[in-house]
Structure formats: C-alpha cells, structure tokens
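Q: Below: one structure in structure tokens.
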Amino acid sequence: MKRVTILGATGSIGRSTLDIIARHPKQFAVHALTAKSNCSKMQQLCRRFRPRFAVMSGSASAEQLADEIADLPTEVLAGETGLSEVAAAEESDIVVAAIVGAAGLIPTLGAIRAGKRVLLANKESLVMAGALFMEEVRQHEAELLPVDSEHNAIFQCLPAGSIGRPAMKSGVHKIVLTGSGGPFRDFDIDRLESVTPEQACAHPNWDMGPKISVDSATMMNKGLEMIEACWLFDVDQSDIDIVLHRQSIVHSMVSYLDGSVIAQMGNPDMRTPIANALSWPDRIDSGVEPLNLLQVSQLDFTLADETRYPCLALAREAWHRGGTSMAVLNAANEVAVDQFLQGNISFMDIPKLITSAVERSSSGPADSLDSVLRADAAARESAQELVVSGDY
Ligand code: NAD
Ligand code: MG
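This is how it looks when you write it as structure tokens:
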C-alpha cells in the first residue's frame, strides 16, 4: 500500500489523480490533500478519501474547513508551514506536485529533499529553478517522474533511468515535442486580438485548469515544456523539435540515430501519464478508454509558426540567456495570464507584456533559491507596473 499526498488536490490534475486512486483502493491511500481556498470541494474530497491531513493556504479557509469536517479524523493545517509539513511527511511515499505556478516551487522542493517519489505536474517549478531542482533530486535521491503528458511520453520512449541523465548519450537523434496548437490554431491572426478568456479555456482536446489552458493557447506552454524537457533529460533546446499535432494522440516522440522513432500514443486524458508515474515500473488500469486508431484514422504533423506563437521565441531566448532568465519569463507570464483571465489585458497583449517585463528585468546566475525567488518577485513587480502604466 502506497500513501499519496496531493499538492493541489482540488485542481484538474488533482481530480485525475484521485480518480485513479479510487480505482485501486488496495494499492493507494491518501495521506494528505492540499488546496488554495476551495473549502467546499476540499470538504467533499476529505469525506470521500479520508486523508490524515488537509491543508488550506489561508488560515480563514483552514478554520472553515476544520469546522466543516470536525466529525472526521482529518487534521486541518494552514499556509506554507502546513504545505511544507505534508510535502515532506515521513508517512507518505508519493507526492503529486500539482499546484499551479511558482507557488508550487517550495513544497515541491520539500518533497524532493525528503527523498520522495515526486510526480511532477507543476512544470513552472522546474522551469524557474531547473539547475537547483535537478541537483536536489540527485543529492536526496528523490525519484522524479514526469506527469506532463509530453515528458511522460518521452520518459516512456527513452531507456530506463533517463531522468537527469544526458539523453543524447543514449543514441538519440532528436526529441520531438508535440503540441495541439490550442483553441485558436485555425483563427486568422487578426481575430486573436478579441478572443475571450472563456474561448481560451475551451481547449479542443484537453480539459485543464485556466492557467495552463491560456498557456496552451499562446503556446507558452510548449515553450515552458521545452525548458522542462531540457532539465529533465539533460539536453539542449537544439536537441528538441516542436511539432504541431492537432489530434493530441502522439504525446511526444524520441527519434534515434538508427532511424527508429518511438512514439507514445493514447487518448488525450491525463489519467494515463499519472497512472504510469503512480505505478511505475508496473502498469495499472487508469480508466482511460483504449485508443482506437481506426476511429482516429489520421495523424497530422506541421511546423509551429512562431509569428502566430511569439511565446515560443520568448522561451527559447530565456533558455539561451540561462540563469534566472527562466524565473523572470515564468513570473512575467503568470502575471500576464492572470491579467488576461481577469479581463484587464487582451490575448495579444500577453506576449507584449512578457517581452517588456523581460526587457526591464535583470538576470543573473540561478545559484541559490534566494536568487530565483528574488528574480521571480522583481519580474512580477515590473509586469504589474507595466499593466498599470499600459506602457508595453
Ligand atoms: P488547476 O488550476 O486546475 O489546479 C491548481 C491547484 O493548485 C488547485 O488545487 C489549487 O487550489 C492549487 N493552488 C493554486 N494556487 C495555489 C497557491 N498559490 N498556493 C497553494 N495552492 C494553490 O491547475 P491544473 O490544470 O491542475 O494544473 C496544475 C499543474 O499541473 C500546473 O503546473 C500545470 O501546468 C500542470 N499540468 C496540468 C495539466 C492538465 O491537464 N491540467 C497537464 C500538464 C501539466
Ligand atoms: Mg503538457
């Protein structure tokens, strides 16, 4: 029996993870669940999964939850201390890092330092602090397994033991990262100015949280994933090809020097990569329908057009500059996406705002957590100022 902690249990990845756990009550039990503020959802989850601990980010929501579930044996904790405590708890075997954004960095590192099996959905933490993050994985012998569908696919296509080792030494020619192109892939570019947050969140193939849905529409998601792949598989961005694949059936591929191309395929449902990582190296039923290739019938692959998706170039530049540039990029993107979701800026303002915020931010070596967090905070402040001044 493995005991699982889910950081960000009320979100889309949290929901998919709990769906798998519920299918395998003899193999998995829930140790702790965490959420930002959604008490009613957390209450439902606690009643169903009976965790030992539940953590809410704010003390008011923690108090409210404690009242609501006073009849359960679950202990309610609050804030960053509560998060850090459950992320590193001795009693848990597996930690699912499914908080969205930079807020996931410290608890995810906590789980790594405690040497857990860490299922990484929270790509932003790796993008921000990749070198430090991978060093901690090595030092503490944590078992890092990617849940992002592309990275889980690449992980499945590479030889065993590929995380943190230079993939190109395994006879790899290229890593091929696939992306659907998001909900606006067929729109004329001039229509993009007026698209709404609702439209951006209606992804054609995947059902995801709002932030990653907008990132998919701008393809910043693919840019962040390119950086994520560089850290996970110790490759350079020149070793990675980004290819548009509208059906989201091939989740990524590895092309080898001998001409073999190994692809991982499946229906677009996050329960597949999550189940793979939960049970690795075994395989369990994820509840996902078997892939019917006759029904899919066609698989298309095209080049990603960087004039339509300027965020791809922003991510490449950040990787080239290195150091804290990636924390700056990530922070500016988080502010821009949040402002778009709030209706304060347009969709086309997202790359403009990020570009200006990056230009105004200095970057340096990302040699300590402190330097990464300082770069993150400064970039957020500068992006917020640009929103107020409108000067971007
Ligand atoms: P979501 O918005 O649906 O859920 C986010 C979760 O994090 C919620 O439980 C929320 O309460 C918690 N949270 C948000 N802000 C927080 C904060 N400041 N402090 C503590 N907790 C906080 O997001 P999601 O779509 O589940 O994505 C989660 C992560 O997984 C993201 O990093 C995303 O990029 C990654 N990911 C998601 C998918 C997907 O299909 N949804 C696929 C690949 C990767
Ligand atoms: Mg992905």
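In terms of this note's numbering, the sequence shown opens at residue 45 and continues consecutively. Every residue, glycine too, gets a C-beta built ideally from N, C-alpha and C.
Along the chain, where does the alpha helix (DSSP H) containing H195 start, and where does it finish?
A: S193 to C201 is the extent of the alpha helix (DSSP H) around H195.
Q: Excluding the 5 residues preceding and the 5 following S103 in the sequence, name in chain order all residues of the same chain whose CB lies nearer than 8 angstroms to its CB.
A: A122 and G123.
Q: So, at 7 angstroms on beta carbons, what are the nonlocal neighbours of Q281 in its own chain, with the 5 sequence-adjacent residues on each side left out?
A: Within the same chain, Q281 has close Cβ partners M270, C274, R360 and W363.
Q: Shortest alpha-carbon distance to V144 belongs to which of A106, K255, L176 and L170?
A: Answer by Cα proximity: K255.
Q: My assumption, with CB atoms under 8 angstroms, is that A410 sits in contact with A175. Please give the rounded CB distance.
A: That belief holds up - the Cβ atoms of A410 and A175 are roughly 6 angstroms apart, short of 8 angstroms.
Q: Got a sec, what are the start and stop residues for the alpha helix (DSSP H) K255 sits in?
A: Where K255 is concerned, the enclosing alpha helix (DSSP H) stretches over P254 to T262.
Q: List the endpoints of the continuous beta strand (DSSP E) containing V162.
A: That run of the beta strand (DSSP E) goes R161 to L164.
Q: So, at 8 angstroms on beta carbons, what are the nonlocal neighbours of H184 in its own chain, with the 5 sequence-adjacent residues on each side left out?
A: Excluding residues within five positions, the ones whose Cβ falls inside 8 angstroms are I156, R157, A158 and G159.
Q: What does the shell around the ligand MG hold, if a residue joins when its beta-carbon is under 6 angstroms from any heavy atom?
A: That query returns the following residues: D192, S193, E194 and E269.
Q: Is the beta carbon of T78 within less than 7 angstroms of some heavy atom of the ligand NAD?
A: Yes; taking the cut-off as 7 angstroms, the Cβ of T78 has a heavy atom of the ligand NAD nearer than that.
Q: Looking at F141: is its Cβ nearer than 8 angstroms to the Cβ of A165?
A: For clarity, residue 141 is Ala in the given sequence; the question names Phe instead. The answer is yes: Cβ separation under 8 angstroms.
Q: Please give me, in chain order, every unbroken run of the beta strand (DSSP E) with length at least 3 that falls completely inside the stretch 58-106.
A: Counting only runs of 3 or more, we get 72-79 and 97-100.
Q: Helix, strand or coil for M392? Go by DSSP, reduced to three states.
A: Residue state, collapsed to three classes: coil.
Q: Going by the beta-carbon positions, is the gap between T152 and S128 smaller than 8 angstroms?
A: In this structure, S128 does not lie closer than 8 angstroms to T152 by Cβ.
Q: Report back the beta-carbon spacing between E58 and V99 to the nearest angstrom; my notes put them in contact at under 8 angstroms.
A: Checking the sequence, you will find Gly at residue 58 rather than Glu. Contact doesn't hold; Cβ gap of about 13 angstroms is too wide.
Q: In this structure, how does DSSP classify S296 when only helix, strand and coil are distinguished?
A: Of the three classes helix, strand and coil, the one that applies to S296 here is strand, per DSSP.
Q: Taking S296 and T316 to be in contact with their CB atoms under 8 angstroms, please state how far apart those CB atoms are, rounded to whole angstroms.
A: Their Cβ separation, rounded to whole angstroms, is 13 angstroms, which puts S296 and T316 out of contact at 8 angstroms.
Q: Taking just the CA atoms, how far does M172 sit from S400?
A: So the alpha carbons of these two residues sit roughly 19 angstroms apart.
Q: Assign G408 to buried or exposed, taking buried as 16 or more other Cβ atoms, counted over all protein chains shown, within 10 Å of its Cβ.
A: So G408 ends up on the exposed side.
Q: Using the C-alpha atoms, what's the distance from N196 back to L62?
A: Those two C-alpha atoms are separated by around 18 angstroms.
Q: With a threshold of 6 angstroms on Cβ separation, who are the neighbours of I286 within its own chain once the five nearest residues in sequence on each side are excluded?
A: Cβ within range, chain order: L221, K266 and A348.
Q: So G154 is in the beta strand (DSSP E); what residue range does that whole segment cover?
A: Note, G154: premise wrong, no beta strand (DSSP E); alpha helix (DSSP H) at L149 to R157.
Q: Give the C-beta separation of P95 and A76 to the nearest angstrom, bearing in mind that I take them to be a contact with Cβ-Cβ under 8 angstroms.
A: So it is a contact: roughly 5 angstroms between Cβ atoms.
Q: Would the C-beta of E168 count as close to the ligand PLP, meaning under 7 angstroms from any of its heavy atoms?
A: Among the ligands modelled here, namely the ligand NAD and the ligand MG, the ligand PLP does not occur.
Q: Is any non-hydrogen atom of the ligand NAD found closer than 7 angstroms to the C-beta of V258, if you look at the structure I gave you?
A: Outside the cutoff, so no.
Q: How is the alpha helix (DSSP H) around L170 delimited, first residue to last?
A: K167 to H184 is the span of the alpha helix (DSSP H), which, as asked, contains L170.
Q: Let me check you understand the geometry: is the CB of K255 closer than 7 angstroms to at least one non-hydrogen atom of the ligand NAD?
A: Answer for K255: yes, Cβ within range of the ligand NAD.
Q: Using 7 angstroms as the cut-off, classify the Cβ of T222 as near or not near the heavy atoms of the ligand NAD, replying yes or no.
A: T222 Cβ: outside cutoff for every heavy atom of the ligand NAD.
Q: Considering only residues of the same chain and omitting the five flanking positions on each side of E198, which have a CB-CB separation below 7 angstroms?
A: According to the sequence as given, residue 198 is Ile; it is not Glu. If we look at I198 and ignore the five residues flanking it on each side, its Cβ neighbours are I219, A273, F277, S296 and V298.
Q: Around the Cβ of G225, are there at least 16 other Cβ atoms within 10 angstroms (buried) or fewer (exposed)?
A: Looking at its Cβ environment, which holds 16 or more other Cβ atoms inside 10 Å, G225 is buried.
Q: Can you name the start and end residues of the alpha helix (DSSP H) that R443 belongs to?
A: Nothing about residue 443 can be read from this structure; the chain reaches only from 45 to 436.
Q: Do you know how far the Cα of S390 is from the Cα of L430?
A: Going from the Cα of L430 to the Cα of S390 covers about 14 angstroms.
Q: May I ask you to report which of helix, strand or coil DSSP gives T49?
A: Strand, per DSSP.
Q: Could you name the residues of the same chain whose beta carbon sits closer than 6 angstroms to that of L301, not counting the 5 residues immediately before and after it, in chain order?
A: Around L301: G215 and H217.
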